[in-house]
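See below for the structure under consideration.
Numbering (my numbering), first residue to last: 445 to 828.
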């Protein structure tokens, strides 16, 4: 898109009063009265997903498009078949594992600014998983931030979330209810380690479930690997290799196929995706104690309904308090809410004076994401 069209768009928006200032740099002054039409002139809902009109690209499109900006490598956000993919360099190997080497990529550092059709685009840490990014768009002085999936807790496997000031915030709301308030992760990992030790004493194999890409690596980085041998499902082993190629340090983890027959599994911790539940893959391990790490474990009864022995409240999505803090820190005047408890979040924010909108989505929740990850992975050994 040429500079002439860009200049014409800016002139039209200024004439119509949609925006009230010329484009500027990243440190823009706080605004209090920009017309809400500005965001929709820049970013629109389409059948293929969020479309940046002046930049002529999509953010996490659901269908093949010419130009895709991808927030992270989970399968519900990184779809195959696009002409080119723009994503954060921090997650390069993970996205390439997901989409294959034949795809066309452009990787940028966090904070690096590109100008596309007059839109100043930059990616910033989202804290969801390695390489996860928020997308910051600035056009004609108006700033939109798309969080993608994000969390506010510290995680040794990825960069910490970076709050960004904006006029319009597009946010996820997977756990957008007051009941979802995450405990400190150090305490949860203490619980996991204690559960593992107890299982060893009782002669039971410890099977810890978490989705293949992102959650599994966070779990592996947080456990005390000195307690015993650590193994993983083939999909997790493959994802570990991509993580390590991105510079993430993980403990020594062996694949199940490496183990000789008649191995005594009761000393081991095995990390696997939730889709292995009820599968023949489990038979080799004997008496198993099955735990799952997920934000949904906050709800009483989830463990029983999913036939789990233990549930550990560890989520890679933001909780209620973190979501509200993020909205406040961005100084956004308008918030678009997507995938999750959209109605509840939008209503709460509207009652406090913010303009809100609800976006349709094809993104999935945390437990569904686990199954989607397993279906999309190409493990190097037996699958569930």
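Note that the Cβ used here is the ideal one computed from N, Cα and C, for glycine as well.
Since the model is a prediction, treat every value here as computed from it, not as a measurement.
Annotation for residue 713: the continuous beta strand (DSSP E) segment containing it runs 713 to 716. When 513, 507, 508 are compared, the shortest CA-CA separation from residue 499 is found for 513. Under the Cβ criterion (8 Å, minimum of three pairs), the stretch 573 to 593 counts as touching the stretch 528 to 535. Fully contained in the stretch 475 to 559 are the following beta strand (DSSP E) runs of length 3 or more, in chain order: 487 to 490, 493 to 496, 501 to 503, 511 to 513, 528 to 532, 549 to 552. Under the three-state reduction of DSSP, residue 759 is assigned to coil, being neither helix nor strand. When rounded, the separation of the alpha-carbon atoms in residue 654 and residue 693 is 18 Å.
Excluding five sequence positions before and after residue 802, the CB atoms of its chain that fall closer than 8 Å to its own CB belong to 780, 781, 782, 786, 787, 790, given in chain order. For the pair of segments examined, the stretch 585 to 593 was found not to touch the stretch 740 to 756: the number of CB pairs separated by less than 8 Å stays below three.
DSSP places residue 742 in no alpha helix (DSSP H); its state is neither H nor E.
Between residue 608 and residue 625, the CB-CB gap reaches or exceeds 8 Å. Taking C-alpha positions only, residue 761 is separated from residue 740 by approximately 11 Å.
In the DSSP assignment, residue 774 falls within the alpha helix (DSSP H) that extends over 764 to 774. CA-CA distance, residue 700 to residue 677, rounds to 6 Å. Excluding sequence positions up to five before and after residue 806, its CB lies within less than 6 Å of the CB of 506, all in the same chain and listed in chain order.
Residue 634 counts as exposed, since fewer than 16 other C-beta atoms from the protein chains shown sit within 10 angstroms of its C-beta. Taking a cut-off of 8 Å on C-beta distances, the stretch 707 to 726 touches the stretch 643 to 661, as three or more cross pairs fall below it. Within the model, the alpha-carbon separation for residue 704 versus residue 546 is close to 36 Å. In summary, residue 748 is exposed, with fewer than 16 beta-carbon neighbours lying within 10 Å of its beta-carbon over all protein chains present.
Annotation: residue 630 to residue 561 spans about 45 Å, alpha carbon to alpha carbon. For residue 645, the closest C-alpha among the options 769, 773, 710 is that of 710.
Listed in chain order, the non-local C-beta contacts of residue 489 below 7 Å within the same chain comprise 803, 804, local neighbours out to five positions each way being set aside.
Sixteen is the threshold: when 16 or more other Cβ atoms of the shown chains lie within 10 Å of the Cβ of residue 517, as they do, the residue is buried.
Annotation: the continuous alpha helix (DSSP H) that includes residue 680 extends over 678 to 689. Linking residue 733 to residue 724 through their CA atoms gives a straight-line distance of about 16 Å. Here the alpha carbon of residue 727 sits roughly 28 Å from the alpha carbon of residue 519.
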